[in-house]
Every structure is written in C-alpha cells, then in structure tokens.
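K.L.:
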Amino acid sequence: MVSILMVCLGNICRSPLAHGILESKLPSDKFYVDSAGTANYHVGDSPDHRSIAVAKANGINISHQRGRQFKVSDFDTFDHIFVMDQSNFENVIKLARNTHDSSKVKLILEVDPHIKDKNVPDPYYGTIKDFEHVYSLLDNSCNIISKNLINN
Numbered sequence: 001m002v003s004i005l006m007v008c009l010g011n012i013c014r015s016p017l018a019h020g021i022l023e024s025k026l027p028s029d030k031f032y033v034d035s036a037g038t039a040n041y042h043v044g045d046s047p048d049h050r051s052i053a054v055a056k057a058n059g060i061n062i063s064h065q066r067g068r069q070f071k072v073s074d075f076d077t078f079d080h081i082f083v084m085d086q087s088n089f090e091n092v093i094k095l096a097r098n099t100h101d102s103s104k105v106k107l108i109l110e111v112d113p114h115i116k117d118k119n120v121p122d123p124y125y126g127t128i129k130d131f132e133h134v135y136s137l138l139d140n141s142c143n144i145i146s147k148n149l150i151n152n
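The UniProt record's numbering applies: residue 1 is where the sequence shown begins, and numbers increase by one.
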C-alpha cells in the first residue's frame with residue numbers, strides 16, 4: 001500500500017482539503033492518505049467549517065477528519081509527504097533524520113509546472129472564495145498526483 005501525507009500549518013484548512021481530494025481520486029485498497037499540521041494548534045479539532053463546506057460542495061466529506069501534528073515517525077509511515085507552502089516545507093525538513101526522509105517531502109504545487117507560485121495560500125483569515133481558490137489549486141495538483149501514482 002502506498003501512503004501519502006498532506007501537511008499544512010494547523011491541519012484544519014489546506015491539508016484536510018488535499019487529504020480529502022486525493023483520497024477521492026485513489027482506490028482505497030492500494031493507497032492510504034492522511035494529513036497533519038506542523039503546529040499543534042488544532043490537535044483533535046475538525047477541519048475549518050469553510051473547508052468542510054467547500055469539500056462538500058464538490059462531493060467530498062472531510063468532516064470526520066481530526067487535526068494532528070506531524071511527527072518524526074511520519075517519515076517511516078509515509079512514502080510521499082506533500083506540504084502546502086515553503087514555511088511548512090522547512091518545518092518538516094528540519095525534522096528529517098537523513099536524506100531518505102527529506103527526499104519524501106515536496107511542495108504539493110511542484111507537480112504542476114504551469115503554476116509559478118508553488119505556495120498554496122492559507123485561506124484561514126480569508127473568505128469562502130479563498131477556500132474555493134485553494135480547493136481549485138489542490139484539485140488540479142491532486143489530479144496530477146493521482147495519475148502519477150496510479151501509473152507507477
């Protein structure tokens with residue numbers, strides 16, 4: 001089974017969306033998707049209500065997810081670790097024990113060569129439109145990721 005982890009800061013906005021989107025595109029008998037945050041602000045919390053609403057509007061239920069903090073053992077558990085922005089990339093890389101760990105970590109928007117800014121904007125202080133924009137960015141990248149994973 002191939003395992004994929006989505007990581008943002010608090011694990012209530014971007015990474016739960018990425019988790020739900022990618023999970024909806026992959027067969028569950030061959031792939032395991034999870035999400036985490038680099039900070040511990042929202043451990044045990046549900047995703048932000050706006051993330052839940054945007055996912056639901058697109059036919060995806062993420063309301064069952066709960067926030068958790070990224071831990072070093074995630075390098076052992078996951079084959080691929082996709083982070084939402086440069087700050088989270090640096091925070092995860094700081095925890096890497098070796099080059100094998102760090103080789104698993106990528107910015108999620110890196111998979112799309114057409115996107116110039118490789119940082120998924122944090123919609124937390126924004127409006128529902130910001131969450132919809134984030135959904136669109138993540139959906140596009142998750143399409144590419146799922147095709148790459150299924151074809152490998």
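All C-beta atoms in this analysis are idealised placements derived from N, C-alpha and C, irrespective of residue type, glycine included.
Note that the structure is predicted; figures quoted are calculated from it, not measured.
Tell me, which residues are paired with TYR32 by DSSP?
P.N.:
Position 32 of the sequence shown, counted from the start, is the residue given in the question as residue 32. According to DSSP, which records beta bridges pairwise, TYR32 is partnered with SER3.
K.L.:
At what residue ranges does the region 16-87 contain a whole run of the beta strand (DSSP E), taking only runs of 3 or more?
P.N.:
Here the runs fully enclosed are 31-37, 80-83.
K.L.:
Pull up the CB-CB distance for VAL54 and GLU132, whole angstroms please, since I reckon it's below 8 Å.
P.N.:
As a working note, residue 54 is residue 54 in the sequence shown. As a working note, residue 132 is residue 132 in the sequence shown. So it is a contact: roughly 6 Å between Cβ atoms.
K.L.:
Are the beta-carbon atoms belonging to ASP149 and PHE75 less than 8 Å from one another?
P.N.:
As a first step, residue 149 is located in the sequence shown; it is residue number 149 there, counting from the start. As a first step, residue 75 is located in the sequence shown; it is residue number 75 there, counting from the start. Residue identity check: residue 149 is Leu in the sequence provided, not Asp. Result no, Cβ atoms of LEU149 and PHE75 do not sit closer than 8 Å.
K.L.:
Quick check on ASN40 - is its C-beta less than 8 Å from some C-beta in chain D?
P.N.:
The displayed structure is made up of one protein chain only, and chain D is not part of it.
K.L.:
Going by C-alpha distance, which of ILE145, GLY10, ILE108, GLU90 is nearest ASN40?
P.N.:
For the purposes of this step, residue 40 is taken as residue 40 along the sequence shown, with counting starting at 1. If we check each option's Cα against that of ASN40, GLY10 comes out closest.
K.L.:
Rounded to the nearest angstrom, what separates ASN61 and PRO16 at their Cα positions?
P.N.:
Within the sequence shown, the letter at position 61 stands for residue 61. Within the sequence shown, the letter at position 16 stands for residue 16. Distance between the alpha carbons of ASN61 and PRO16 is about 10 Å.
K.L.:
In the DSSP assignment, what are the bridge partners of CYS8?
P.N.:
For the purposes of this step, residue 8 is identified with residue 8 of the sequence shown, where counting begins at 1. Paired residues: GLY37.
K.L.:
How far does the beta strand (DSSP E) with VAL105 in it extend, from its first residue to its last?
P.N.:
If you number the sequence shown from 1, residue 105 lands on position 105. Segment 105-107, the beta strand (DSSP E) holding VAL105.
K.L.:
How should MET1 be labelled, buried or exposed, when 16 other C-beta atoms within 10 angstroms of its C-beta is the threshold for buried?
P.N.:
Residue numbering aside, residue 1 sits at position 1 when the sequence shown is read from its first letter. Counting Cβ neighbours within 10 Å, MET1 comes out exposed, since fewer than 16 surround it.
K.L.:
Can the beta-carbon of VAL105 be found closer than 8 Å to that of ILE81?
P.N.:
One-based indexing of the sequence shown puts residue 105 at position 105. One-based indexing of the sequence shown puts residue 81 at position 81. Result yes, Cβ atoms of VAL105 and ILE81 sit closer than 8 Å.
K.L.:
Could you tell me the distance, in whole angstroms, from the CA atom of ASP122 to the CA atom of SER3?
P.N.:
Translated into positions along the sequence shown, residue 122 becomes position 122. Translated into positions along the sequence shown, residue 3 becomes position 3. Computed Cα separation, rounded: 24 Å.
K.L.:
Quick one: residues in its chain with C-beta nearer than 7 Å to the C-beta of ASN58, no 5 flanking neighbours on either side, listed in chain order?
P.N.:
Walking along the sequence shown from the start, residue 58 turns up at place 58. Closer than 7 Å at Cβ, skipping near neighbours: TYR135.
K.L.:
Go to ASN143, then tell me how far its alpha helix (DSSP H) extends in each direction, as first and last residue.
P.N.:
Start at 1 with the first residue of the sequence shown, and residue 143 comes out as number 143. Element bounds for ASN143: 128-151.
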